[in-house]
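Taking it in order: structure first as C-alpha cells, then the write-up.
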Amino acid sequence: MTTPGALTTWGSTSNGHRSRPGRAAVTAAQRRAAVTAGTVLTALLQAADQEVPAAVALRRELHASPELGGHETTTASRVAAALGDPGAPSVTTGRIVRIGAASGPSVAIRAELDALPLTERTPVAWASQNGASHSCGHDVHLAALTAAGRAVRRAGGPLPLVAVLQPREESQPGGAQDLIGSRQLEAQDVRAMIGVHVHPHVPRGQVSVGPGPVNAAYDEVTINVRGPGGHAAYPHVTRDPVVAAAHVIVALQHLISRRTDPMHPAVLTIGTAHAGTAANVVPDHVALTGSLRTFEPTDRASLRSAVSATAGATAEAYECTAQATFTQGEPVLDNDPALAAAAAACLAQAGFAVVDSLRSCGSDDFAFYCTRYPSLMMFAGVGQPGTPDAPGLHHPSFLPREEAVEDVARIMLAGYVAACSVVLPGTSAPAPPAPR
Ligand SMILES: [Zn+2]
Numbered sequence: 090m091t092t093p094g095a096l097t098t099w100g101s102t103s104n105g106h107r108s109r110p111g112r113a114a115v116t117a118a119q120r121r122a123a124v125t126a127g128t129v130l131t132a133l134l135q136a137a138d139q140e141v142p143a144a145v146a147l148r149r150e151l152h153a154s155p156e157l158g159g160h161e162t163t164t165a166s167r168v169a170a171a172l173g174d175p176g177a178p179s180v181t182t183g184r185i186v187r188i189g190a191a192s193g194p195s196v197a198i199r200a201e202l203d204a205l206p207l208t209e210r211t212p213v214a215w216a217s218q219n220g221a222s223h224s225c226g227h228d229v230h231l232a233a234l235t236a237a238g239r240a241v242r243r244a245g246g247p248l249p250l251v252a253v254l255q256p257r258e259e260s261q262p263g264g265a266q267d268l269i270g271s272r273q274l275e276a277q278d279v280r281a282m283i284g285v286h287v288h289p290h291v292p293r294g295q296v297s298v299g300p301g302p303v304n305a306a307y308d309e310v311t312i313n314v315r316g317p318g319g320h321a322a323y324p325h326v327t328r329d330p331v332v333a334a335a336h337v338i339v340a341l342q343h344l345i346s347r348r349t350d351p352m353h354p355a356v357l358t359i360g361t362a363h364a365g366t367a368a369n370v371v372p373d374h375v376a377l378t379g380s381l382r383t384f385e386p387t388d389r390a391s392l393r394s395a396v397s398a399t400a401g402a403t404a405e406a407y408e409c410t411a412q413a414t415f416t417q418g419e420p421v422l423d424n425d426p427a428l429a430a431a432a433a434a435c436l437a438q439a440g441f442a443v444v445d446s447l448r449s450c451g452s453d454d455f456a457f458y459c460t461r462y463p464s465l466m467m468f469a470g471v472g473q474p475g476t477p478d479a480p481g482l483h484h485p486s487f488l489p490r491e492e493a494v495e496d497v498a499r500i501m502l503a504g505y506v507a508a509c510s511v512v513l514p515g516t517s518a519p520a521p522p523a524p525r
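Once you know that position 54 of the sequence shown is 143 in this note's numbering, the rest is easy, because the numbers rise by one and skip nothing.
This is the structure in C-alpha cells:
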C-alpha cells in the first residue's frame with residue numbers, strides 16, 4: 090500500500106452518537122488533537138511502516154506456536170510484551186493493553202488469541218507442529234495489532250488505544266463475554282470497538298465494510314434421539330434410534346427451505362452424529378449436534394422451536410424420542426453506521442478499495458461488543474486473483490501471505506482514526522470515498 094498524500098480536513102458537524110452516562114468528558118485538548126483525520130492517519134501509517142518488519146517476524150513466531158482457546162497465556166504475554174506492556178492486566182487468558190493517556194475516553198481494537206484444533210498442512214518452515222493451527226488468521230490479526238499499537242505509541246493519536254487481546258473466539262462461550270463481564274472495558278472508558286478479520290473471499294487491496302448486520306446470530310443445538318436397543322439380528326424387538334435419527338436429519342432440512350422467508354438468510358447444519366459401539370448392536374442413543382445461524386430475531390426463536398418440534402415428532406413416528414437443547418451463542422454482528430461511513434473514508438485515504446460485498450452466515454463473538462459499544466468489523470481482503478479454489482478460513486492449508494500483516498495494521502489504524510472522529514464531539518469523518 091502507498092501512503093496517501095494530502096488528506097481531507099475533519100469538519101465540525103456533530104456525530105450525534107449515543108452517549109453513556111457516568112463517563113469522563115472529552116477534553117478540549119483531545120478535541121484539538123483531532124483537528125485533521127488526514128494528518129493523524131498519515132503520521133500513523135508512516136509510523137506503522139517502521140513496525141511492520143518486526144510484526145511480520147512476530148506473526149511467524151505466533152504461527153509456529155499456536156495455542157487453543159482457554160490456553161492462550163503464552164501468546165497473550167508475547168503480544169502484550171510486543172505492545173510494550175508485559176505487565177498488562179489479564180482477563181481470564183486474555184490481556185488489555187492501553188496505549189496513551191492513562192484515563193479518559195478510548196478506542197479499542199480487538200484481536201483474537203486462539204488457534205483451532207487442526208493439524209496444519211502448509212509448506213512453510215514456520216508451520217505449526219503441535220496439532221493446533223492458526224487457520225483462521227488470528228496470528229495475522231495479533232501481529233498487525235502490535236504494529237498498529239506501536240505506531241500509536243510512536244506517533245500519538247487523538248484518543249488512547251486499547252488493544253484487546255481476546256481469548257476463545259472459536260469456542261462457546263466466546264471470550265468476548267469474559268471481557269464484557271470483567272468490566273475492564275468500562276474501566277478503560279472504551280467508546281468504540283474496532284475489529285478486522287482477514288477474508289479470502291475478498292481480493293487483496295479491498296476491504297469489505299458496511300453498516301448494519303454482517304454476520305449471523307449463532308446457536309448450537311444438541312439432539313438426543315433415544316429408543317430401546319438390542320441385537321442387530323432382532324430389530325423388530327428394538328426401536329432403532331439410528332434410523333430415527335437419520336430421518337430427523339432429513340426432516341430438519343425443510344425448516345430453512347420451506348418454513349423460512351427466502352429473503353431471510355438462515356442456515357441449519359448438523360455437524361456431528363454419534364451412535365453405537367458395535368456393528369451387530371442396535372444402540373439405544375444417538376447424539377446429533379448442529380448449528381443454527383439466523384439474522385432475524387423472529388427466525389431465531391421460531392426455528393429453535395421448529396427444530397425441537399420436528400425432531401420430536403419425527404422420532405415419535407419411529408417410536409423413539411428426540412429432545413433438542415440449545416446453547417445460545419452470539420447475536421447478530423451489527424456494524425455501527427457512523428463508524429462504517431467514517432472508516433470507509435479513512436480506508437480510501439489509506440489506499441484501499443472499499444466494498445460492501447461480504448455479509449455472511451459466519452459468526453463472531455465480536456457481536457457481543459456491538460450490543461454494548463458502537464462497533465465495527467471490517468473484512469480485510471487476502472484473496473489472490475485466479476485462485477478461486479484456494480483454501481478458506483478453518484482449512485488446514487489456509488495461510489494468508491505475509492503482506493496481510495501490513496494490510497491489516499493499516500486497516501486497523503484507519504478504523505482507529507475513524508472511530509476517534511466519531512467518538513470526539515465536534516468532529517466528523519473525512520469526506521466519503523467516491524463511488525466505484
Ligand atoms: Zn477467526
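C-beta: ideal position from N, C-alpha, C; glycine also.
Compute the minimum distance between the beta carbon of residue i and the heavy atoms of ligand 1, and state whether it is under 6 Å.
i      : result
CYS225 : yes
How many Å lie between residue i and residue j at the Cα?
i      : j      : result
PRO365 : ASP373 : Residue 365 is actually Gly in this sequence, not Pro. So the alpha carbons of these two residues sit roughly 8 Å apart.
ALA406 : ILE338 : 14 Å
THR235 : GLY173 : 9 Å
GLY238 : ARG315 : 54 Å
ILE500 : VAL298 : 11 Å
LEU134 : LEU377 : 49 Å
ALA214 : SER222 : 14 Å
ALA367 : THR327 : 15 Å
TYR505 : ALA177 : 20 Å
VAL511 : VAL494 : 26 Å
PRO262 : LEU202 : 15 Å
GLY451 : ALA305 : 6 Å
THR162 : SER346 : 44 Å
ARG242 : GLY189 : 7 Å
GLN336 : HIS325 : At residue 336 the sequence reads His, which differs from the Gln that was named. Going by the C-alpha atoms only, they are around 18 Å apart.
ALA434 : VAL443 : 9 Å
VAL291 : GLY264 : 26 Å
PHE468 : PHE441 : 12 Å
MET352 : THR383 : 12 Å
ALA507 : TYR462 : 15 Å
Span of the beta strand (DSSP E) holding residue i?
i      : result
ILE195 : At residue 195 the sequence reads Ser, which differs from the Ile that was named. Note, SER195: beta strand (DSSP E), 195-201.
PRO309 : Reading off the sequence, residue 309 comes out as Glu, not Pro. First-last of the beta strand (DSSP E) with GLU309: 306-315.
SER346 : Segment 343-346 is the alpha helix (DSSP H) holding SER346; no beta strand (DSSP E) there.
THR361 : 355-364
ARG167 : Per DSSP, ARG167 belongs to no beta strand (DSSP E); it is in the alpha helix (DSSP H), 162-171.
ALA432 : Not the beta strand (DSSP E): ALA432 falls in the alpha helix (DSSP H), residues 426-438.
LEU250 : 250-255
Kindly indicate which three-state DSSP category residue i falls into: helix, strand or coil?
i      : result
LEU157 : strand
HIS288 : strand
HIS483 : coil
PRO110 : Model confidence at PRO110 stands at a pLDDT of 34, short of 50, so the residue's coordinates are unreliable; what they give is reported in the following sentence. Coil at PRO110, not helix or strand.
TYR505 : helix
GLY270 : helix
SER207 : Note on residue identity: the sequence assigns Leu, not Ser, to residue 207. Looking at LEU207 - three-state DSSP - the assignment turns out to be coil, as it is neither helix nor strand.
VAL512 : helix
VAL332 : helix
ALA402 : helix
GLN412 : strand
THR378 : strand
SER449 : coil
ALA395 : helix
GLN139 : helix
VAL213 : coil
GLY318 : coil
VAL339 : helix
With respect to the alpha helix (DSSP H) encompassing residue i, which residues constitute its N-terminal and C-terminal limits?
i      : result
HIS230 : 227-244
PHE457 : 456-459
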